[in-house]
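In this note's numbering, the protein residues as written are 32 to 297.
Below is the structure:
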């Protein structure tokens, strides 16, 4: 009985097709199971995520002077290094200056050495506060401590390593209208001749050209004054935050030009 009139296939053919269909579905099921199991074997177990580690603002690598900069210092007697001090530390030290000024830790800056140290506002208009591990112990500050660590390393890196116990540092604050006329840091016949290197590290944020207050390094052969027989020869340095200036104390007379904004340095 093929029942051709209805279009139905013979029963044996139906049986064959049904059997093949079931077999195919069974094989697909087995293959799918095996495939999924195999894939599952290659998927690693995810471990709980570790918390991200971020360096704190005080745990960055200490800034150090490079060999190229040291060579320039030896060759020229001075070196200018922009962006030496990280911005976060500049900001902390600016806040420290304001806090110390508010706490009457700053003094009106004088000129001269030893017993000749006197106030002379024709030569210098500024305020200063001496720094050091044994100073300002009643108002500790972690950023100041970081600064001392940086300076300790800097003293070791200089061409002539210096004894931290014989080195002095201070905050220098110049109000609007402040200045420091041409002078030398190591004056013959005074205790200042012990000074070998002078350091200036600026903390001024977003310093503009019209703010004035540049450092002027004099390259002529004079001392506190330009020799009459010579023409002016100098290099000006903008006191931009983070800039480090190093020079041999007995070689370069220098000055701070009149500033039209608050100016902070170390």
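Glycine is no exception: its CB is placed at the ideal position from the N, C-alpha and C atoms. Since the model is a prediction, treat every value here as computed from it, not as a measurement.
My guess is that residue i and residue j are in contact by the Cβ rule of under 8 Å, so how many angstroms apart are they, rounded?
i: residue 238; j: residue 269; result: 6 Å
i: residue 227; j: residue 191; result: 6 Å
i: residue 215; j: residue 255; result: 6 Å
i: residue 158; j: residue 137; result: 4 Å
i: residue 297; j: residue 232; result: 4 Å
What's the gap between the Cα of residue i and the Cα of residue j?
i: residue 277; j: residue 133; result: 30 Å
i: residue 161; j: residue 261; result: 36 Å
i: residue 173; j: residue 122; result: 13 Å
i: residue 68; j: residue 180; result: With a pLDDT of 42 at residue 68, under the threshold of 50, the modelled position of that residue is not reliable, and no figure is offered here.
i: residue 169; j: residue 245; result: 33 Å
i: residue 167; j: residue 130; result: 12 Å
i: residue 186; j: residue 225; result: 15 Å
i: residue 101; j: residue 229; result: 14 Å
i: residue 206; j: residue 120; result: 22 Å
i: residue 241; j: residue 264; result: 22 Å
i: residue 14; j: residue 112; result: Here the chain comprises residues numbered 32 to 297, so residue 14 is not present and cannot be evaluated.
i: residue 83; j: residue 195; result: Legend: pLDDT at residue 83 = 29, less than 50; position of this residue unreliable, value from coordinates given subsequently. Those two C-alpha atoms are separated by around 38 Å.
i: residue 151; j: residue 202; result: 19 Å
i: residue 223; j: residue 272; result: 28 Å
i: residue 266; j: residue 285; result: 10 Å
Which partner residues of residue i appear in the DSSP bridge assignment?
i: residue 119; result: Answer is none; residue 119 lacks a bridge partner.
i: residue 205; result: 294
i: residue 235; result: 271
i: residue 211; result: 155, 287
i: residue 276; result: 111, 231
i: residue 248; result: 266, 285
i: residue 243; result: 290
i: residue 149; result: 142
i: residue 162; result: 200
Which residue's Cα is closest to the Cα of residue i: the options?
i: residue 193; options: 202, 182, 110; result: 182
i: residue 213; options: 229, 248, 186; result: 248
i: residue 283; options: 250, 257, 259; result: 250
i: residue 165; options: 107, 157, 176; result: 176
i: residue 141; options: 156, 128, 127, 135; result: 156
i: residue 220; options: 125, 150, 143; result: 143
i: residue 171; options: 92, 264, 128; result: 128
i: residue 204; options: 99, 92, 135; result: 135
Less than 8 Å between the beta carbons of residue i and residue j, yes or no?
i: residue 243; j: residue 274; result: no
i: residue 287; j: residue 210; result: yes
i: residue 116; j: residue 110; result: no
i: residue 184; j: residue 125; result: no
i: residue 234; j: residue 295; result: yes
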